[in-house]
Structure formats: C-alpha cells, structure tokens
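One structure is given here, and the rest of the page talks about it.
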C-alpha cells in the first residue's frame, strides 16, 4: 500500500511539473485551454485506476445498494468516451488554430515584403574618366604604384527607384590598393531623393598602358530601414594617350544584382 501511494505521488508530481513548465510556454488563451484539457484527459484514467485499486468507492460507502461492478463500468466507459472525443475535438481545433496562425503570419510576411518592394530604391550607375576632379587630397585614392601617372575615375549614382535612399555608403578596392577605401558615407549620412543624382570624383596613380581590376561596393538603406548591397566590377585601361594635360583612361564595368543584407553585414574595416 505504501509503495502504491509513493508511486501515485511520483506520477502526479511528474504530471504537475510537466503541466506547470509547459503551461508557461503557452502564449495564447486557446493554447492554455487546450493544454489544460489534455492534462485532465491524461489524469482521469490514472485517478480512476487508483480509485479502483484502493477500492475507495466501497470504503466511502458509495456502492451501497447498487451493483458496484456495473456502476464502475459506467464511469470507465463514460471517461473513455469523453477522453476519445476530447482528443479528437481538441486535436481538430488545435490544427485549425495553428493553420490560422500560419496563414496570418504568411499574410503579414507577404504584406511586409510587398511594402518593401514598393519602397525599394533602384540605383543607376555611370562611371567615366573625364576630367572632373578638383585635385583635393580627399579625392585621392592611394595606390601601390610608384612613378605612375594620374588618372581620373568618376562615379555617378542616380536613384530611379520608387522612394528615397536614407543613407548610402561607397567602398572601393582594386589590384593596386592595399586596403578598402570608403569613398563616401564614412563619417556622415548621405541621402538620395527619388530621381536625384550624386557624383563622386577621384584620381589615382596608375602605370601607363596597364589594366587594373577594380570593385565598387555600394551599401544603401531604404526608408523602411532595409539595407542592400550592390557590387560594380570595373576594368580600368590606363592608356598612354595624353590630351589636354591629362592621360586618358577607359573603363568598362558590370553591375551585379543587389542583395538584401543586415546592417551588421556592412564592412567596418574600410579606411
């Protein structure tokens, strides 16, 4: 008898701990209701088993003047019917509610994505080597070329998208630079309105008749705080043609498809 009582206490302690720990994880009211129903369903057969095991109805004189065997069959049959029905109903309700929640999450995700696309900026790039740079030190891109000649490198960015750009950061790297240069957006916020165009003009030292591979990494943020990254691959041909006091360079470039990134993915090592 003592062992049976200890086992009973252990079983219900486990059920109670399980119920408390998992009940706290239920966020919605319907989740809590379904969980309570399941705990009751699990507990009923155990309670009936121990009632019958310890013959408690007879000890409480609850079976006087009745056919105890027939009567005890009734609660067992009744409880099994209730349990099976409850399991079927709660399972159906749970599946339906899960599906509703999933549909709501999918709709919210789709609406958010549609809003992002509707406000997504789109940049049109242009790169040339015309003489536009003022020759300021801040416009110089330091290269590893010694005794080279100065060449121009100019970028323009036009926002042809559906909304403004909150912030834009421009990084530069090449075969002849030891580090990644932050050309724009290092210590300030640069925005581009819809339809607006900005320029970034620079000069650098290259060898005559050399071909240099360059890369422009552009990070930009839309009005919904989404960040994008786009890469321009540039081939710079430093010719030996000298016109109007300047050596002429020629460029060809390709623009990779933009990709959505997190703000933490922006390179922080650029100088």
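Numbering (our numbering), first residue to last: 12 to 282.
The beta-carbon is built from N, C-alpha and C at its ideal position, and this holds for glycine as well.
Because the structure is a prediction, the values reported are computed rather than measured.
Candidates the options: closest to residue i by CA position
i           : options            : result
residue 282 : 56, 215, 182, 148  : 182
residue 137 : 170, 102, 107      : 170
residue 55  : 36, 33, 26, 135    : 26
residue 235 : 132, 113, 196, 51  : 132
residue 296 : 246, 277, 259, 229 : Since the first and last residues shown for the chain are 12 and 282, residue 296 lies out of range.
residue 195 : 204, 212, 206      : 212
residue 265 : 112, 246, 165, 272 : 246
residue 48  : 276, 105, 122      : 105
residue 150 : 21, 210, 110       : 210
residue 57  : 20, 43, 44         : 20
residue 91  : 59, 261, 241       : 59
residue 184 : 154, 205, 273, 158 : 154
residue 259 : 112, 161, 197      : 161
residue 172 : 145, 17, 205, 14   : 205
Residue i: first and last residue of the uninterrupted beta strand (DSSP E) it sits in
i           : result
residue 240 : 238-254
residue 183 : 176-185
Opposing strand residues paired with residue i [DSSP bridges]
i           : result
residue 18  : None; residue 18 has no bridge partner.
residue 223 : 247
residue 161 : 216
residue 166 : 138, 211
residue 270 : 240
residue 257 : 254
residue 193 : 182
residue 262 : 247
residue 233 : 176
residue 151 : 214
residue 228 : 182, 242
residue 26  : Paired residues: none, contrary to the question.
residue 203 : 176
C-beta contact flag for residue i and residue j at 7 Å
i           : j           : result
residue 163 : residue 140 : yes
residue 135 : residue 186 : no
residue 116 : residue 178 : no
residue 208 : residue 167 : yes
residue 243 : residue 227 : yes
residue 220 : residue 251 : yes
residue 34  : residue 46  : yes
residue 192 : residue 156 : no
residue 237 : residue 127 : yes
residue 30  : residue 53  : no
residue 143 : residue 114 : no
residue 130 : residue 174 : yes
residue 248 : residue 222 : yes
Buried versus exposed call for residue i [16 or more other C-beta atoms within 10 Å across all chains shown]
i           : result
residue 99  : exposed
residue 32  : exposed
residue 176 : buried
residue 217 : buried
residue 239 : buried
residue 147 : exposed
residue 203 : buried
residue 275 : exposed
residue 180 : buried
residue 256 : exposed
Test: residue i CB closer than 7 Å to a CB of chain C
i           : result
residue 159 : The displayed structure is made up of one protein chain only, and chain C is not part of it.
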